[in-house]
Amino acid sequence: MGVSLSTARYIAPISFAIDFAAQQYGMLSTPNMKDVHDANLSFWSPQPFFIAGFFFPQQLFQLAWLWRLWRSNDQSALEDGAVNTMVDFSPFYTVGNLCIASWMVFWNASDLKTSNIFVVINSLAQLYYIFGRLPPMNLNSTNSVLTHIVSKTFAGIGILDLLHNGSVAYFVHQQPSTAVKVLTGTASIVASKNLWRPPYIRSPKSDYRAL
Numbered sequence: 019m020g021v022s023l024s025t026a027r028y029i030a031p032i033s034f035a036i037d038f039a040a041q042q043y044g045m046l047s048t049p050n051m052k053d054v055h056d057a058n059l060s061f062w063s064p065q066p067f068f069i070a071g072f073f074f075p076q077q078l079f080q081l082a083w084l085w086r087l088w089r090s091n092d093q094s095a096l097e098d099g100a101v102n103t104m105v106d107f108s109p110f111y112t113v114g115n116l117c118i119a120s121w122m123v124f125w126n127a128s129d130l131k132t133s134n135i136f137v138v139i140n141s142l143a144q145l146y147y148i149f150g151r152l153p154p155m156n157l158n159s160t161n162s163v164l165t166h167i168v169s170k171t172f173a174g175i176g177i178l179d180l181l182h183n184g185s186v187a188y189f190v191h192q193q194p195s196t197a198v199k200v201l202t203g204t205a206s207i208v209a210s211k212n213l214w215r216p217p218y219i220r221s222p223k224s225d226y227r228a229l
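By this note's numbering, the letter at position 201 of the sequence shown is numbered 219, and the numbering carries on one by one without gaps.
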């Protein structure tokens, strides 16, 4: 999914704008996204106000990341290798935004099984990126730190959406069993430990080493 820096500088903010517009549609349409949520509760349905509280700061980090990407050029890529990481992440970021926007359209139409297709695509794409392509975090680089924050919170949202949308698409109005509660708690602990690797810095030879 490699793209050039010049391409990344455009596709990432455009996808953010599309997703933002879809979110406005989801909140302002009738029924809105919360109406659909309230009508289709299941054992993994989140508290909607918690989700809103998580999304707001996460979008601020996205804007900061987009601004850093937009300001980047070939010279800054030579000076900071994390610019290349931003470029590498941009197609996955774009796919994520487009999937979330598509999800919103089908969610508001109460077509939960179709909306779940886009959730699965996004979740798999983000998990593949953070576990298969994302290099260790360089605390000396703002670009690296922001890319880690944005990509990992994106993946976290993908996991939450996968649990939520999957449960309401196929197990609507069902209460959580003891097994589901235990599985949820265990998976949350394991995921939180694996998503955030130990902090790294760059050695003078430009390779990564753990602090």
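Backbone N, C-alpha and C fix where the C-beta goes; we use that ideal spot for every residue, glycine too.
Practice task
Report the rounded CA-to-CA distance for Asp225 versus Gly99, giving the unit in angstroms.
Solution key: For Asp225, the predicted model reports a pLDDT of 42, less than 50, meaning its position is unreliable; a value from the coordinates is still stated below. Looking at the two C-alpha atoms, the distance is approximately 11 Å.
Handout entry: Beta-carbon proximity list for Lys223, same chain, < 7 Å, skipping 5 on both sides
Key = With a pLDDT of only 43 at Lys223, under the threshold of 50, the placement of this residue in the model should not be trusted; the figure read from the coordinates follows. Here the set comprises nothing.
Handout entry: Ile32, buried or exposed, once every other Cβ within 10 Å from all chains shown has been counted against 16
Key = Under this definition Ile32 is an exposed residue.
Handout entry: Start-to-end residues for the alpha helix (DSSP H) that takes in Thr171
Key = Taken as a continuous stretch (DSSP letters only), the alpha helix (DSSP H) holding Thr171 covers 160-188.
Exercise for the section: Have a look at Lys153 and Gly176 and give me their C-alpha separation to the nearest angstrom. Expected result: First, the residue type needs correcting, since residue 153 is Pro and not Lys in the sequence shown. Each residue's alpha carbon lies about 20 Å from the other.
Handout entry: Extent of the continuous alpha helix (DSSP H) to which Asp98 belongs
Key = Careful: Asp98 lies outside any alpha helix (DSSP H) and carries neither H nor E.
Practice task
Could you pull out every residue in the same chain whose Cβ sits closer than 6 Å to the Cβ of Asn58, ignoring the five residues on either side in sequence?
Solution key: Excluding sequence neighbours, Asn58 sits near Val186, Val190.
Handout entry: Straight-line Cα distance separating Asp37 from Leu124
Key = Before going on, a small fix: residue 124 reads as Phe here, not Leu. Whole-angstrom Cα-Cα distance: 14 Å.
Practice task
Rounded to whole angstroms, what's the CA-CA distance from Ser133 to Ile139? Just pull it up for me.
Solution key: Their Cα atoms are separated by approximately 10 Å.
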